[in-house]
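Please read the structure below before turning to the comments.
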Amino acid sequence: HLALVKDLGSQGMSSDESEDKNTRTISYTHVYPAWHSHQLGSLLWNMDDVTAINASVPIGKHKKSGTQLQVCPHSDKVNEEAAAPPGLPHNCYDAAWLMKLSQWQRRELQIQDGDYNFTT
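Going by the working numbering, the sequence shown opens with residue 243, and the numbers climb by one from there.
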């Protein structure tokens, strides 16, 4: 899925919303772009989970003192203003979001004809 993630760029990632700065734990709730399809969102959720596991403290290592634990829960929050990257496969875009676009806007997206295979 590396090529797709590169095509998404930073525009394709969720933004973060800080909830609590008064504790040693900071929570950054994910806010997802409205143009994401459910399949793309699921793929990125799974990638977030794998990244969190890989970034956890390795066995035999100590967490640096003074650093805060970051929690990044998933949410149903959507960013309607997020810009969609052009040139992605059709099933990367949310169908309802696409229907709201004008014909000119859909053309500008340069949507690929085929669907992305999210199962491999």
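Backbone N, C-alpha and C define an ideal beta-carbon position, used for all residues, glycine too.
{"Query": "How big is the Cα-Cα spacing for N359 and I353?", "Result": "15 Å"}
{"Query": "Kindly indicate which three-state DSSP category N333 falls into: helix, strand or coil?", "Result": "helix"}
{"Query": "Going straight from the alpha carbon of K319 to that of A276, what length do you get?", "Result": "9 Å"}
{"Query": "Spell out the partners DSSP gives Y274 in its beta bridges.", "Result": "V320"}
{"Query": "Which stretch, first to last residue, makes up the alpha helix (DSSP H) that contains L351?", "Result": "345-351"}
{"Query": "Spatial neighbours of S257 within its chain, please: CB distance less than 7 Å, with the 5 preceding and 5 following residues excluded, ordered by chain position.", "Result": "For S257, the predicted model reports a pLDDT of 48, less than 50, meaning its position is unreliable; a value from the coordinates is still stated below. Same-chain partners within the cutoff: V273, N321."}
{"Query": "By Cβ distance, which residues of its chain are closer than 6 Å to W339, with the 5 residues on each side in sequence left out?", "Result": "A276, W277"}
{"Query": "Considering only DSSP beta bridges, list what Q354 is partnered with.", "Result": "P331"}
{"Query": "Tell whether a beta-carbon distance below 8 Å holds between S279 and D355.", "Result": "no"}
{"Query": "What's the call for D331, buried or exposed, on a 16-neighbour Cβ count within 10 Å?", "Result": "Checking the sequence shown, residue 331 turns out to be Pro, not Asp. Result: buried."}
{"Query": "Helix, strand or coil: which one does DSSP assign to S279?", "Result": "coil"}
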